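Residues -22 to -1, 1 to 270 (mature numbering (1 follows the signal peptide of the UniProt record, and there is no 0)) are what the sequence shown spells out, left to right.
Every residue gets a Cβ at the ideal spot worked out from N, C-alpha and C, and that includes glycine.
Please read all numbers here as calculations on a predicted model, not as lab measurements.
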Amino acid sequence: MTTTARKLLTVALLGAALTACGSDPATAPHQTAGKAAPSAPPGAGAPKTAIAATLAPGPGGLTPVFERAARNPQGEKVVALSFDADMTADQGPRAAGGERFDNPALIADLKRLKVPATVFMTGRWAQEYPAEARAIGTDPAFEVGNHSYSHYAFKTDCYGLPVVEKDAMRADVEKATAQFKAAGVTNTVPYFRFPGGCYDDETLRALAPLKMTAVQWDVVSGDAFAKDANAVAEQVLAGVKPGSLVVMHCTRSAAPVTDTALQRIVPELRKRGYRFVKVSDLIRSTVQNPQH
């Protein structure tokens, strides 16, 4: 890692303390992939859930956790870019004051570059930007995962975020789902990303009835509050391996150079022989080829 990348990683971790999103994955027991479990049929009026593979429950029925795909036995190079559309429950006044938590140019460039992606959206973001949420969530190039409604922490000591009480965790996730429905999002997948990446066995147990797969990452882009797009690109390019899952952001105010970094990341990875896929594709390949 170059000196520039080391400096960027430090900035990224500091940025995570402010946004509590895009930090290094929390340390937790690795969950073993099991047989694919089909998504539960959506209830009446619920967002349409794409047919997506999930991992089998972890030990004791805990919510399983996914970080990256197993190496493809055919040696195919695949990578998934994920983008967190962050907005906390109490940031309405900031949005009303003109702060932009969306990034339509980034979404447009993903489409232009023909890069499929997974967007982990908070319910509050979908509530603030319903037209954009619907455009993302009805485009076959994208899939939408749940990033909670509030973007409050599901575990204590998570970068200073307010904490969701244990008995309110399920309701917070379900409230996000309701906002997706209200916005017209249809391409949802049964995946949940913890705000700040913070979780423990207690939170995994609390969310187990939802039968979702918790999705972390193995490559930190360092785009939170970064000002050097080339350094962000350098960090991603240095970290990607076959089966990697990259965490980035879709919020202009908190990640202003992500779109610019993308212009270097995408062609360079393609030059190296990588194919871009969604998180659901990585999970499916892991279920089909569980050996690491």
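With distances taken Cα to Cα, identify the nearest neighbour of residue i among the options.
i, options, result
"L84", "P234, I261, E246", "P234"
"S199", "N208, A192, G39", "N208"
"A58", "G36, T155, V218", "V218"
"I29", "G123, C176, V214", "G123"
"P118", "P94, S222, T134, V141", "P94"
"V225", "R253, D80, V167, R46", "R46"
"D196", "G53, R262, G38, F44", "F44"
"Y169", "K189, P140, A113", "K189"
"V167", "G39, T66, A48, I261", "I261"
Given a cut-off of 7 Å, decide if residue j and residue i are closer than it, judged by their beta-carbon atoms.
i, j, result
"G162", "Y127", "no"
"A232", "A211", "no"
"P173", "A131", "yes"
"F98", "R171", "yes"
"A63", "C228", "yes"
"D87", "Y107", "no"
Rounded to whole angstroms, what's the CA-CA distance from residue i to residue j? Just pull it up for me.
i, j, result
"Y137", "V193", "19 Å"
"V265", "P220", "16 Å"
"A15", "S60", "Residue placement at A15 cannot be trusted, given a pLDDT of 39 that sits under 50; what the coordinates show is reported in the next sentence. Each residue's alpha carbon lies about 22 Å from the other."
"A186", "A156", "19 Å"
"N50", "L182", "28 Å"
"E54", "L247", "13 Å"
"G21", "K159", "For G21, the predicted model reports a pLDDT of 34, less than 50, meaning its position is unreliable and no value from the coordinates is stated."
"L215", "G115", "28 Å"
"A146", "K249", "46 Å"
How far does the beta strand (DSSP E) with residue i in it reach, from first residue to last?
i, result
"R253", "253 to 255"
"V56", "56 to 63"
"V193", "191 to 193"
"L223", "222 to 227"
"T96", "95 to 99"
Note the first and the last residue of the continuous alpha helix (DSSP H) segment covering residue i.
i, result
"R242", "236 to 249"
3-residue-minimum beta strand (DSSP E) runs that sit fully inside the region 110 to 182, ordered along the chain: 120 to 124, 166 to 170
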